[in-house]
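First the structure, in the form of structure tokens, and then the observations on it.
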Amino acid sequence: MWGESYEDLFKLNLMDVDAAIHSDSSNLFGLLDGDGYYGYLGSIGLTIRALTGETPELYIANQENLDGLEIMTLTEALRTELRARDFNPAWITGMMEGDYAGARQMVKMVEYLWGWDVTNPNLITDSDWNEIYEVYFNDKYDLGIDEFLETENPYSGQSIMARMIETARKTDAEGNPYWDASDAVLNDLVKRYVESVVENGVTCCHHTCGNAQLADFIDGNMQAAGVTPEIQQQYNELMYEATLRDEFKVQQNEDGFVQQVHDDSLNSVQRAMASGSGSSNQTMMADSGGAGIDSDTPVQDSGKSTSDSYIEGYEMTQETVNNADSTNSPSFSSSDVFASIFVIGAVGAIYLGFWKRRKF
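Reminder that position 60 of the sequence shown reads as 64 in my numbering, one-by-one numbering, no gaps.
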């Protein structure tokens, strides 16, 4: 790269920043339509807060209307957009008419709201997340949006629910949850999410299948959310099929409740090595042959029919190739034959040409 790095100098400059502004010259993209707004303006606020302990004043230069140019606070601009679009029944109805594309836009809106919450925690409030739940999952305006997300576009619905559950699970630098959701709301989201996975399959977006902490959180809340043991088992089986991660292997205890079967002190590789130690490597299966269920009935170990000193493999020997014949006799390939014919033909054509010229 060009130039030299002056990170310390850059930090000193940022520590003197009292305000930051982002221009908006079009209504084509809003604050919740892309990651550019919170990625730049939000990240500047986050960086300055990390350096100084205080968030600078953040503004939007609204240039959408040349006859009404104005400078708005970021809070004012975001509140205006939420009321005009994301919480507006007319906008939601328009998105629903776009089917999967509209559902995708709703997913993006929730994702970028989360981005603003992380970069500027004071900007997004619990009431914003509560309103998303009321509008999109309690169908506050009787638009059929809950049916639209959970039946017609279940993977988009799963993505939104998982993000909201993750927002309630995570805490900021001060230890406060990004969304202090009530137990009733959180349990409802967990129950809907798990049941959607069982009914429609796993969406496996970036914050679901690859998120071990979210998986543990959901597992710890399924019983309180009223998810039946049968649904819990089916959910874990589907998640295991999608991720092949050991934490989704389950068995039922005496009370019929589903329990995850793994040792939290070991990772998946260590658990695989531990299961292979000892005199044999036994696969535990249930007598009923149910998928994903472990019991104390070992499968017959095929290695028991051989002695402990038995080693199976292949012996490698060195062989000498006799090249006497090949060195004493010439070898011809098909390309050599064709080349020879071509040369003979060319010489013959030249000779014939000279012969005809002399004759006439």
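Ideal Cβ positions, reconstructed from N, Cα and C, are used throughout, including at glycine.
Check	Outcome
Assigned secondary structure, Met110 (DSSP; H/G/I helix, E/B strand, else coil)	helix
Alpha carbon of Glu241 to alpha carbon of Phe252, nearest angstrom	7 Å
Glu61 versus Asp22 - alpha carbon distance	6 Å
Own chain partners of Ser200 with C-beta closer than 7 Å, once the 5 adjacent residues on each side are dropped	Glu154, Pro158, Gly161, Gln162
Coarse secondary structure for Leu35, derived from DSSP in three states	coil
Beta-carbon contacts of Glu135 that lie in its chain and below 7 Å, excluding the five residues immediately before and after	Phe91
4 or more residues per run - each alpha helix (DSSP H) lying fully within the stretch 82 to 143	93 to 101, 104 to 123, 130 to 140
Host beta strand (DSSP E) of Asn66 (start-end)	61 to 66
His26 - partner residues in DSSP beta bridges	Ile64
Pairwise C-alpha distance: Ala219 and Glu58	34 Å
Classification of Leu32 by the beta-carbon crowding that lies within 10 angstroms, buried from 16 upward	exposed
Delimiting residues of the beta strand (DSSP E) encompassing Thr77	74 to 77
Same chain only: Cβ atoms within 7 Å of Thr51, ignoring 5 sequence neighbours per side	Leu18
Cβ contact (3+ pairs, closer than 8 Å) linking the stretch 227 to 238 and the stretch 180 to 200	yes
Short Cβ contact (7 Å threshold) for Tyr239 with Val202	yes
N- and C-terminal bounds of the alpha helix (DSSP H) containing Gln237	233 to 247
Residues that DSSP places opposite Thr175 in a beta bridge	Pro181
Residue interval of the alpha helix (DSSP H) (run including Asp220)	216 to 225
Classification of Ala140 by the beta-carbon crowding that lies within 10 angstroms, buried from 16 upward	The question names Ala, but residue 140 is Tyr in the sequence shown. Classification for Tyr140: buried.
8 Å contact criterion, which Tyr197 and Ala166 should meet: CB distance rounded	6 Å
Three-state secondary structure (DSSP) of Asn69	coil
Cutoff 8 Å; reference Asn126; Cβ partners in own chain excluding five residues on either side	Thr59
Residue of Ala177, Ala94, Ala185, Ile345 minimising C-alpha distance to Met168	Ala185
For Ala278, the three-state DSSP class (helix, strand or coil)	Low confidence applies to Ala278: its pLDDT is 39, below 50, so where it sits in the model is not reliable enough to give any reading.
7 Å Cβ cutoff met for Leu35 and Leu73	no
Simplified DSSP assignment, three categories, for Leu356	helix
Start-to-end residues for the alpha helix (DSSP H) that takes in Lys195	187 to 204
Beta-carbon proximity check, Cys209 vs Thr247, cutoff 7 Å	no
Rounded separation between Glu170 and Gly43 - CA only	20 Å
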